[in-house]
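Colleague: As you go down the protein sequences, you meet chains A and B in turn.
For the first sequence, this note's numbering begins at 3 and goes up steadily by one.
For the second sequence, this note's numbering begins at 135 and goes up steadily by one.
Every residue gets a Cβ at the ideal spot worked out from N, C-alpha and C, and that includes glycine.
Sharing a structure with you now.
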Amino acid sequence: MDWVSTKATKYADVPYEEKLRLFLEVKNDPRYEDYLYGCYECGICVSACPSARFYDYSPRVIAQTMAREDVDRFYEIMVEDIWNCAQCFSCVRCPRQNNPGGLVTLIREVAVRNGLKEARDVLQGYSRVIYKVMLKGNQVSPDMLQPDFFPDWGPWVREFSANMDVWRQAIPADTMRGVTDAAWRTDEKTLRELYTIWFETNNIDIVREVDEGLYELLLDVMEEVLEEEEVA
Amino acid sequence: MSAGFVPVEEILDRKSRPVLRDPREAPTHDLREELFELEAKGELIVMRVPEPYVEVTTKFGRKKKIPIEHTWHHKSCGQCGHIPGYSASIFWLHRQFGLDFLDPTDQTSCTGWNYYASATSNAVAQLAVMSRNFAAAYETGYFPLIHCGTSYGHYKEAREQLIHHKEMRDEVRRILDKLGKPLVVPEEIVHYSEWVHVMRHRIAERKVIDMSHLTACVHPACHYYKIVVEDAIYDPDIYGAQRTATVTGLLTALDINVADYSTWFDCCGFGFRHVLVQRDFTRSFAVLRKIEVMKNEVDPDMVVTHDTGCVTTLDKSQFAAKAHNRKVGVPVLSDAQVAAMAMGAHPFRVLQLHWHSTDWRPLMEKLGIDWQRYWEEFQEDLDAIRRGEKPGLTWEDADQPIVTVA
């Protein structure tokens with residue numbers, strides 16, 4: 003690509019070469035060609051997009067920017083827009099079969115992998131969820147339902163919190179009954195296999211870019227579990 | 135007026151007719167053919183849908199096999215963790231029909247919720263998590279039935295990536311080799327609501343609660359029918375095959391009046407990350423674009439949907455909106471819970487309604503269900519557990535349908 007934007011940009015302090023490097027990291031993802039075919043500017047994606055109704059956000063702009071390879075605008079999107087997407091994929095009703103939501107996923111991955119400050123800021127309150135999914139293989143668990151964290155979910159959260167153990171015992175399914183720190187009872191062998199996947203795919207290193215402390219914690223627990231298996 | 139002008143009457147006429155699609159003219163390749171080709175090359179194993187199964191029509195007219203039993207239940211973390219009556223209802227229905235199924239402990243979630251929320255993963259990791267679960271199912275001989283709409287959508291997309299990207303396939307196979315597992319892909323990716331759909335007439339035959347005076351709005355789950363669209367069920371007899379047939383098919387079979395509303399295509403506002411840490415968006419969208427629209431246009435007795443995030447979002451977002459005098463107050467249930475309720479499932483031992491935020495009591499009362507009696511019964515269960523007389527509820531406590539309607 004030899005085209006360089008000459009217009010004033012919002013993030014002029016970031017070298018164009020750096021923006022280009024990030025852009026190419028997205029573009030070189032093997033899924034990229036499945037997600038972008040060009041754009042009619044018809045706006046059908048925008049009309050379906052929930053985030054477009056509440057934020058200054060447009061899936062059309064994302065498809066357009068990527069199709070035009072507008073590197074400066076791409077960087078703005080990466081810093082300001084991508085975390086607004088609800089990942090519902092209503093935008094895939096695109097008549098050109100574009101997948102703006104998929105493009106957002108790719109851009110987010112690159113933002114996280116490169117430890118962009120904006121990505122770290124957005125995910126600051128999210129660490130406990132990452133902790134849970136990495137260690138337990140479950141996204142959410144009953145013990146996350148605390149009244150201080152979910153006051154807007156109604157008074158039942160307080161009631162649940164006070165009765166969590168007994169309410170969980172009162173579920174007839176064997177795999178759920180009594181389990182509070184995960185959504186269901188998972189075999190130790192299953193979790194060891196999951197940890198192996200996180201290591202083999204370098205997924206654990208991605209967490210380091212978001213939260214160094216969390217990374218160290220996860221590493222300690224997972225390595226210990228996997229070492230125990232080796233000893234056994 | 136251009137030569138291509140189509141009068142609005144003609145458009146309305148077209149829309150009023152069922153859509154009948156010829157699978158030979160489908161705009162996409164049939165992924166299953168590519169799967170079988172890869173199997174013939176020794177690249178992977180295709181897990182066949184066990185008999186008995188029912189064939190249904192999907193978006194582009196192709197047939198899809200939905201297994202009735204011998205299913206491996208790929209549970210949903212959001213359902214099991216925060217709406218346990220959702221999962222319990224699916225299992226309860228299987229038990230009522232005496233169907234063979236497995237509720238495994240050798241299962242992780244798809245981890246897709248985190249992936250869509252935070253992107254703290256990558257494509258190969260996601261494919262490996264899926265493939266590990268499918269291999270675990272294969273080892274048991276039971277066929278995966280996927281409870282979560284996001285897992286279902288995520289796995290459909292992951293299956294496409296696995297088929298179309300050799301480098302990803304090779305990498306996943308390397309990881310599975312390390313785990314001592316084969317690379318297995320099911321012949322069909324099946325969502326539990328598709329099972330409910332093909333079972334709907336059998337469910338209706340066992341109905342003990344009259345629901346014919348109810349009006350419901352359906353919220354179709356985005357990740358069910360918007361991701362890899364050709365795998366969702368469409369039936370000419372339901373919305374003329376212009377919308378997915380799941381959920382609506384069940385409610386119609388139960389004689390419930392399904393009322394249309396103008397924002398049915400909109401998502402619920404879940405947002406993955408938003409519902410946990412940026413809920414102003416989630417609450418606003420759920421209330422302003424879904425619940426309040428339903429109230430204004432239809433005033434339904436309930437909203438019925440078929441995914442973890444949708445039940446969570448639509449149910450939990452209504453409480454705070456009351457403080458702003460918004461028009462809310464519509465109970466939200468999954469199709470599995472409605473099916474189980476129709477067949478007499480206990481409102482608390484099975485449906486676990488006490489985990490729901492929006493008031494479900496008016497719905498119970500409209501159905502003539504003496505919920506207070508069952509609540510007292512459930513409180514006795516809890517007291518017995520607290521006293522140590524009972525380690526917990528079992529299916530023996532929950533299998534028996536309730537029979538008394540006031």
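DSSP on Lys198/B, reduced to helix/strand/coil?
Modeller: Translated into positions along the second sequence, residue 198/B becomes position 64. Strand.
Colleague: From the beta carbon of Met178/A, is the nearest beta carbon of chain B less than 7 Å away?
Modeller: Indexing the first sequence from 1 puts residue 178/A at position 176. Chain B contact via Cβ: present.
Colleague: If you count every other CB in all the chains shown that lies within 10 Å of the CB of Leu24/A, and 16 or more means buried, which is it?
Modeller: As a first step, residue 24/A is located in the first sequence; it is residue number 22 there, counting from the start. Classification of Leu24/A: buried, given that the 10 Å Cβ count is 16 or more.
Colleague: Using 7 Å as the threshold, is the C-beta distance between Thr442/B and Ser210/B below it?
Modeller: Here the question's residue 442/B lines up with position 308 in the second sequence. Here the question's residue 210/B lines up with position 76 in the second sequence. Result yes, Cβ atoms of Thr442/B and Ser210/B sit closer than 7 Å.
Colleague: Any beta carbon of chain B sitting closer than 7 Å to that of Asn30/A?
Modeller: As a first step, residue 30/A must be located in the first sequence, where it is residue number 28. Not an interface residue.
Colleague: For Tyr13/A, does the three-state DSSP call read helix, strand or coil?
Modeller: Taking the first sequence and counting its residues from 1, one reaches residue 13/A at position 11. Looking at Tyr13/A - three-state DSSP - the assignment turns out to be coil, as it is neither helix nor strand.
Colleague: Step through the CB atoms of chain B and report whether any lies within less than 7 Å of the CB of Met80/A.
Modeller: For this step, residue 80/A is matched to residue 78 along the first sequence. Cβ-Cβ to chain B under 7 Å: no for Met80/A.
Colleague: Counting contacts by CB-CB distance shorter than 7 Å, is Asp154/A in contact with chain B?
Modeller: Within the first sequence, residue 154/A is the residue found at index 152, counting from 1. For Asp154/A, the answer is yes, since a Cβ of chain B falls inside 7 Å of its Cβ.
Colleague: Note down the Cα distance separating Pro434/B from Ala355/B, rounded to an integer number of angstroms.
Modeller: Position 300 of the second sequence, counted from the start, is the residue given in the question as residue 434/B. Position 221 of the second sequence, counted from the start, is the residue given in the question as residue 355/B. Taking the straight line from one Cα to the other gives about 18 Å.
Colleague: Run through DSSP, which three-state label would Leu118/A get?
Modeller: Here residue 118/A refers to the residue found at position 116 when the first sequence is read from its first residue. In this structure, Leu118/A counts as coil in the three-state DSSP scheme.
Colleague: How many Å lie between Val28/A and Arg334/B at the Cα?
Modeller: As a first step, residue 28/A must be located in the first sequence, where it is residue number 26. As a first step, residue 334/B must be located in the second sequence, where it is residue number 200. Distance between the alpha carbons of Val28/A and Arg334/B is about 45 Å.
Colleague: Mind listing, in chain order, the continuous beta strand (DSSP E) runs of no fewer than 3 residues lying wholly within the segment 261 to 329 of chain B?
Modeller: Entirely contained in the segment 261 to 329 of chain B, the beta strand (DSSP E) runs reaching 3 residues are, in chain order, 277 to 280 and 318 to 320.
Colleague: Kindly give me the distance between the Cβ atoms of Cys104/B and His288/B, rounded to whole angstroms, as I take these residues to be in contact under 8 Å.
Modeller: Look at the range of chain B in this structure, 135 to 540, and you will see that residue 104/B is not part of it.
Colleague: Would you say Pro52/A reaches chain B, if we count a Cβ-Cβ gap shorter than 7 Å as a contact?
Modeller: Residue numbering aside, residue 52/A sits at position 50 when the first sequence is read from its first letter. Closer than 7 Å to some Cβ of chain B, the Cβ of Pro52/A qualifies, so yes.
Colleague: Quick check on Thr274/B: buried or exposed, where buried means 16 or more other Cβ atoms within 10 Å of its Cβ?
Modeller: Mapped onto the second sequence, residue 274/B falls at position 140. Its Cβ having fewer than 16 others within 10 Å, Thr274/B is exposed.
Colleague: Along the chain, which unbroken stretches of the beta strand (DSSP E) at least 3 residues long are found entirely within the segment 185 to 235 of chain B?
Modeller: Counting whole runs of 3 or more residues, the segment 185 to 235 of chain B contains the beta strand (DSSP E) stretches 187 to 191, 197 to 201 and 205 to 208.
Colleague: Can you tell me where the alpha helix (DSSP H) with Ser468/B in it begins and where it stops?
Modeller: Here residue 468/B corresponds to residue number 334 of the second sequence, with the count starting at 1. Premise fails: Ser468/B lies in the beta strand (DSSP E), Val466 to Ser468, not in any alpha helix (DSSP H).
Colleague: So that I know if they touch, is there some Cβ in chain B lying closer than 7 Å to that of Ser129/A?
Modeller: Here residue 129/A refers to the residue found at position 127 when the first sequence is read from its first residue. False, the Cβ-Cβ gap to chain B never drops below 7 Å.
Colleague: Quick one: is Phe92/B near chain A, going by C-beta distance under 7 Å?
Modeller: What is shown of chain B runs 135 to 540, which leaves residue 92/B out entirely.
Colleague: Hey, would you say Leu38/A sits closer than 7 Å to Met68/A, going by beta carbons?
Modeller: If you number the first sequence from 1, residue 38/A lands on position 36. If you number the first sequence from 1, residue 68/A lands on position 66. In this structure, Met68/A lies closer than 7 Å to Leu38/A by Cβ.
Colleague: Which term fits Asp147/B, buried or exposed, when burial requires 16 or more other beta carbons within 10 angstroms of its beta carbon?
Modeller: For the purposes of this step, residue 147/B is taken as residue 13 along the second sequence, with counting starting at 1. The residue is exposed, with fewer than 16 neighbouring Cβ atoms inside 10 Å.
Colleague: Leaving out five residues on either side along the sequence, give the residues of the same chain with a beta carbon under 7 Å from the beta carbon of Arg521/B.
Modeller: Sequence index remark: in the second sequence, residue 521/B carries index 387 (1-based). Cβ neighbours of Arg521/B beyond the five flanking positions: none.
Colleague: For Phe152/A, I'd like the list of residues in its chain whose CB is within less than 8 Å of its CB, leaving aside the five on either flank, ordered along the chain.
Modeller: For the purposes of this step, residue 152/A is identified with residue 150 of the first sequence, where counting begins at 1. The residues are Val159.
Colleague: Roughly how many whole angstroms lie between the Cα atoms of Ala251/B and Phe139/B?
Modeller: Translated into positions along the second sequence, residue 251/B becomes position 117. Translated into positions along the second sequence, residue 139/B becomes position 5. The alpha-carbon atoms of Ala251/B and Phe139/B are separated by roughly 44 Å.
Colleague: To the nearest angstrom, report how far apart His458/B and Glu185/B are at their CA atoms.
Modeller: Reading the second sequence from its first residue, position 324 is the one you call residue 458/B. Reading the second sequence from its first residue, position 51 is the one you call residue 185/B. Answer to the nearest angstrom: the Cα atoms are 53 Å apart.
Colleague: What span of residues does the alpha helix (DSSP H) with Ile179/B cover, start to end?
Modeller: The residue you call residue 179/B lines up with position 45 of the second sequence. Premise fails: Ile179/B lies in the beta strand (DSSP E), Ile179 to Met181, not in any alpha helix (DSSP H).
Colleague: I'd like to know whether the C-beta of Val142/A is nearer than 7 Å to at least one C-beta of chain B.
Modeller: For this step, residue 142/A is matched to residue 140 along the first sequence. For Val142/A, the answer is yes, since a Cβ of chain B falls inside 7 Å of its Cβ.
Colleague: Could you tell me whether the Cβ of Leu196/A comes closer than 7 Å to any Cβ of chain B?
Modeller: Taking the first sequence and counting its residues from 1, one reaches residue 196/A at position 194. For Leu196/A, the answer is yes, since a Cβ of chain B falls inside 7 Å of its Cβ.
Colleague: Against Glu214/A, what residues of chain B qualify as contacts under a CB-to-CB distance less than 7 Å, listed in chain order?
Modeller: By one-based count along the first sequence, residue 214/A stands at place 212. None at all; the shortest Cβ gap to chain B is about 13 Å.
Colleague: Taking the alpha helix (DSSP H) that Cys244/B belongs to, which residues open and close that run?
Modeller: Here residue 244/B refers to the residue found at position 110 when the second sequence is read from its first residue. First-last for Cys244/B: undefined, no H or E at that position.
Colleague: Could you give the DSSP three-state label for Asp222/A: helix, strand or coil?
Modeller: Taking the first sequence and counting its residues from 1, one reaches residue 222/A at position 220. Asp222/A falls in the helix class under three-state DSSP.
Colleague: Could you have a look at Thr416/B and say whether DSSP puts it in helix, strand or coil?
Modeller: Here residue 416/B is taken as the residue at index 282 of the second sequence, counted from 1. The answer is helix: DSSP assigns Thr416/B an H, G or I state.
Colleague: Whose CA, out of Phe406/B, Ala473/B, Met436/B and Val362/B, lies closest to the CA of Ala387/B?
Modeller: The count along the second sequence starts at 1 and reaches residue 387/B at position 253. Closest by alpha carbon: Ala473/B.
Colleague: Any idea if Tyr42/A is buried or exposed, counting beta-carbon neighbours within 10 angstroms, 16 or more meaning buried?
Modeller: In the first sequence, counting from the first residue as 1, residue 42/A sits at position 40. Tyr42/A comes out exposed.
Colleague: Determine the direct distance from the alpha carbon of Asn116/A to that of Met3/A, and round the result to whole angstroms.
Modeller: Counting from one through the first sequence, the residue named residue 3/A turns up at place 1. Counting from one through the first sequence, the residue named residue 116/A turns up at place 114. For Met3/A, the predicted structure reports a pLDDT of 47, less than 50, and the residue's modelled location is therefore unreliable. The matter cannot be settled from this model.
Colleague: For the putative contact between Phe235/B and Thr205/B, defined by C-beta atoms under 8 Å, what is the C-beta separation to the nearest angstrom?
Modeller: Numbered from 1 along the second sequence, position 101 holds the residue referred to as residue 235/B. Numbered from 1 along the second sequence, position 71 holds the residue referred to as residue 205/B. The Cβ separation is near 5 Å, so the contact holds.
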